[in-house]
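Read the structure below first, then the notes.
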């Protein structure tokens, strides 16, 4: 009698799919960061906020964009939510720091490191939520 051999579902380009997922999540995070920052800047301009509110707005924008990045990276893959969520946030953070360093002509300050912590936690949470998201059941 022949033994039943289990077929492995390992694809040859499994790593490239993960890299594509990370890059897709990073692009979604970058787009959402700059869009949300533009909306919040317009709101701050119209409402005439004080200067100390700007830091909170940027930290909020960083957290939301990191969540979007982690969620978008893990949604097509549906596995490794924590790792992919964390990895998809790193390019977003590097681009944000590069842009802010060019604009302000300074390096990473205290709020930059705080933003990194917020972004890592938010990206991991977004990845975990996307990995555990169930498909909706349609009732006819």
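Residue numbers (the numbering used here): 873 to 1012.
The C-beta atom is built at its ideal place from N, Cα and C for all residues, glycine as well.
- Short of 6 Å from the beta carbon of residue 897, and not among the five residues preceding or following it, lie these beta carbons of its own chain, in chain order: 941, 944, 945, 960.
- Here residue 1009 carries a coil assignment [DSSP, helix/strand/coil].
- Taking a cut-off of 8 Å on C-beta distances, the stretch 947-955 does not touch the stretch 921-936, as fewer than three cross pairs fall below it.
- DSSP places residue 949 outside both helix and strand once states are collapsed to three, so it counts as coil.
- Between residue 900 and the set 988, 983, 936, the nearest pair of CA atoms involves 936.
- For residue 999, the closest C-alpha among the options 986, 975, 894 is that of 894.
- Around the C-beta of residue 981, fewer than 16 other C-beta atoms lie within 10 Å, and the residue is accordingly described as exposed.
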